[in-house]
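Under the UniProt record's numbering, think of the first position of the sequence shown as 1, with each following residue one higher. Beta carbons: idealized from backbone N, C-alpha and C, even for Gly. It should be emphasised that the depicted structure is a prediction, and the values quoted were computed from it without experimental measurement. Below you'll find the structure, written out as structure tokens, and then a few comments.
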Amino acid sequence: VLADGLIDASAQKPELIIDAATLTGAAKTALGNDYHALFSFDDALANRLLASAQAENEAFWRLPLAEFHRNQLPSNFADLNNTGSAAYPAGASTAAGFLSHFVENYHQGWLHID
């Protein structure tokens with residue numbers, strides 16, 4: 001359902017798409033209960049959110065998201081797998097990479113909160 005929402009949102013050509021979802025539990029494993037995980041290819045947007053969060057005393061931590069996280073999702077049966085194929089996948093980052101496949105312009109104006 002989240003992928004459908006991202007596809008529909010992208011079709012509207014918005015300036016900004018922010019989604020919030022827990023997909024794997026890996027972000028909680030990495031950060032515990034005290035921080036929200038932030039993923040984005042857009043450094044300026046991520047920095048804006050981090051500054052806003054700090055001003056409001058909300059604990060956010062940016063986790064890595066790179067092209068190789070997107071590329072760790074091949075499937076023999078579908079266009080895309082929803083779990084990483086690496087020996088030690090970065091679960092939270094590959095989950096965000098999975099979502100990025102459904103955002104047309106994922107390099108700018110898209111941010112995922114886990």
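(request) Check each candidate in R62, N82, F77 and name the one with the smallest Cα separation from N71. (result) N82
(request) Taking the CB atoms as reference points, tell me whether L38 and F102 lie closer together than 9 Å. (result) no
(request) Within its chain, find whatever has a CB closer than 7 Å to the CB of residue 117; leave out the 5 residues flanking it on each side and keep chain order. (result) Look at the range of the chain in this structure, 1 to 114, and you will see that residue 117 is not part of it.
(message) The alpha helix (DSSP H) that contains D19, what's its start and end?
(response) First-last for D19: 17-20, but that is the beta strand (DSSP E), not the alpha helix (DSSP H).
(message) In whole angstroms, give me the CA-to-CA distance for F41 and H107.
(response) 5 Å
(request) Using 10 angstroms around the beta-carbon of A95, count the other beta-carbons present and answer buried if the total reaches 16, otherwise exposed. (result) buried
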